[in-house]
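Below: the structure, in structure tokens.
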Amino acid sequence: MKEKMRVFLVLCLLSGMLIPAFAGGGSDNAKSDGPVTIELWYGAAVTEAGPPPADWKALQIIRDKLNINLVLTALPSNESDQDVKVNAAGAANSLPDLFMVRRDPWLNLVKMGLVAPVDDLYPLMPERTNTQYDADSKAFTTVNGKSYGLASPGAIARNEGMLIRKDWLDKLGLQIPVTTEDYLNVMKAFTFNDPDGNGRNDTYGYGAFIEINNFEEGLGRRFDPFFGAFGVPGTWSLVKSDPGLNLRKPAYYDAMVYIKRLVDEKVIDPNWMSYGKDDFRAAWKQGRFGIMREQNAAYASESNYAPFDKNFPNGEWIVIDPPRGPSGKSSVGVYTQAYRIYAVSTKAANAGKGPAIARLLEWMSSDEGYYLLGWGEEGVNYVKDADGVPTINGIPDASKGFSRPEMQPLTQLRNMVYYNSNVELLARYPTYKAPTSGKTMSALTVLYDMQKRAWTPNIGADALPPANADIKRFYEQGVVEFMTGRRVLTRENWNTFVSEFDRLGGSAWDTAGIEAATAANYIK
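Anchor point for the sequence shown: position 369 equals 374 in my numbering, and the numbering is continuous, going up by one each time.
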């Protein structure tokens, strides 16, 4: 009897009778038990827009086809508030079934045993795994040999570049700068030789602001091309021959000396220490400076370029190579691959919801789910152009176009399906005519141009141990004080600063970072 039962089970497996409950759109047995409720905390694509409406078509499809009752909750827009909400739920053992989470709180939840491993889910969603979860993605969420999160690609890498006012170059008869000295000379001309021809002393060579994260500390990413010229971009070096904190390397001082020259020569917009991101972007659109590091869409997308185009219809920015330093090094800066982690709670796994979660995510990556969550209903919110790219051109009711503010709730989950495909990039960055000048513009063309320039890979640097608050403050305030003259930048004073940094814990932070990078195979 036992042998007959074993043969029966094998035949069932071979015929596929037992597979749908785990891999497909749900089994008859599952449906007879009623829908599986999946509580999902998601990161909204447009934080100021509302949640999907109660009659959202996707909810009905998910219920009818997948036998899942999907309950949605948007996480707060502010990252610190997100962390508070997730951590509070973890402390109360009330985490939802599936939830977006930043890496630091995620790692703590893993250590507390509140997040389940997901290795068994990858085979249940082959299409999604193929498009979203590669080896690097899985490594990003692997702890002690097990993957504890589903990490999808987030922001596009290498999407910034050095831009220069070509019309100013032409007006002054200058060539595109190549070396750090070329850059300095052009900045001087842009500052003192009236490149806009208005007869006023109101322009500067370089514009910046302090934009810092955990792998671009110090003076931040807007100054990274100058550090790159000396071979020390970013916070961390992950080069096998010389890993560790760049601040502790001799070349970092050389880069500081160069940037201090820019400050002393008064070729940097003096508001760089007080500007926020919006101030900086308003300034270049008002023609205040002629060289900058900027993001492709922040520069070239239709709405962002329009104010500059209106103010300067004959103005022209172009992407150029970052400066080449004394030893021939050059880099726009460091880049890493951002990932958006969705975790499965241990409670959900223990309740047997893993296969249903895999079923849901696999549907999201199907053609039906991908386009519905990404752009809305075909024929209503979008149509496909000749290249298969969603567009609002030609839809019956223009007010229902997916890009309209009132339609944003329909695509609030698009970050769960996007993976920077060609379709997404073409839809996100359409070619257009600038309204005043009539120039043909494309943020996608700009992106591709920026990505082909020299960059320094820094994959994993954003996952290394962060500095404690005291070290971070000492580091960031110190480098600014050297720029402002509050600290005199000499080799002796710099060595004293680094020694004090080490005494406060900088050396220990360096060691911890190298050990973590080595263990995670980030050092190449």
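Where is the CB? At the ideal position from N, CA and C, for every residue including glycine.
Per DSSP, reduced to three states, the secondary structure at L449 is helical. Distance from the CA of A361 to the CA of V41, rounded to the nearest whole angstrom, comes to 7 Å. Following the DSSP letters along the chain, one finds M105 inside the beta strand (DSSP E) bounded by residues 103–106.
With respect to the C-alpha of R345, the residue from A305, D141, D229 having the closest C-alpha is D141.
Short of 8 Å from the beta carbon of K265, and not among the five residues preceding or following it, lie these beta carbons of its own chain, in chain order: F487, M488, L494. Burial state of S152 is buried, judged by a 10 Å Cβ sphere holding 16 or more other Cβ atoms. Taking a cut-off of 8 Å on C-beta distances, the segment 430–437 does not touch the segment 279–298, as fewer than three cross pairs fall below it. If only uninterrupted alpha helix (DSSP H) runs of at least 4 residues are considered, those enclosed by the segment 75–103 are 84–96. Between the alpha carbons of N500 and A525 lies a gap of roughly 31 Å. In the assembly as shown, P275 is an exposed residue. Its beta-carbon has fewer than 16 other beta-carbons within 10 Å. Cβ-Cβ separation between G233 and S336: approximately 3 Å, consistent with a contact (criterion under 8 Å). Only buried fits T146, as 16 or more other CB atoms lie within 10 angstroms of its CB. When K271, P56, N251 are compared, the shortest CA-CA separation from L189 is found for K271. Counting only residues of its own chain and dropping the five nearest sequence neighbours on each side, S408 has a CB closer than 7 Å to the CB of I397.
For the segment 330–369, the full-length beta strand (DSSP E) segments reaching 3 residues or more read 344–349 along the chain.
A direct Cα-to-Cα measurement between P101 and E132 gives close to 25 Å.
Shortest Cα-Cα distance from Y258 to any of D507, V484, A513, E520 involves V484. In chain order, V51, A54 place their CB closer than 6 Å to the CB of Q413, counting only its own chain and leaving out the 5 sequence neighbours on each side. About 5 Å separates the beta carbon of A160 from that of A343, a gap short enough to meet the 8 Å contact definition. P131: not part of any beta strand (DSSP E); member of the alpha helix (DSSP H) spanning 131–137, first to last residue.
The secondary-structure analysis by DSSP pairs I169 across a beta bridge with I296, I323. In this structure, E383 is the residue among E383, W111, T185 with its C-alpha nearest to the C-alpha of V394.
For the pair L469 and G518, the Cα-to-Cα distance works out to about 6 Å. In this structure, the alpha-carbon of F317 lies about 15 Å from that of M446. Burial is judged here by how many other beta carbons sit within 10 angstroms of a residue's own beta carbon; M117 has fewer than 16 and is exposed. Within the DSSP bridge table, the entry for E221 names N218 as partners.
Remark: C-beta atoms of M297 and G212 approach each other more closely than 8 Å. Look at G55 here: in three-state DSSP terms it is coil, with no helix or strand label.
Taking 4 residues as the shortest admissible run, the segment 442–517 contains the following complete alpha helix (DSSP H) segments, listed from N- to C-terminal end: 448–456, 474–489, 496–506. Just measuring C-alpha positions, the residue of E299, Q300, D229 sitting nearest G330 is D229.
Apart from sequence neighbours up to five positions away, the residues of its chain that approach V339 with a beta-carbon distance below 6 Å are P238, G239, T461, N463, ordered along the chain. R170 is the residue among P122, E44, R170, E497 whose C-alpha sits nearest the C-alpha of E321. DSSP places Y437 in the strand class (E or B) of the three-state scheme. In the three-state reduction of the DSSP assignment, Y153 falls in the coil class, being assigned neither a helical nor a strand state. Relative to the Cα of T450, the nearest Cα in the group S306, G399, R478 belongs to S306. In the three-state scheme derived from DSSP, where H, G and I count as helix and E and B as strand, L415 is classed as helix.
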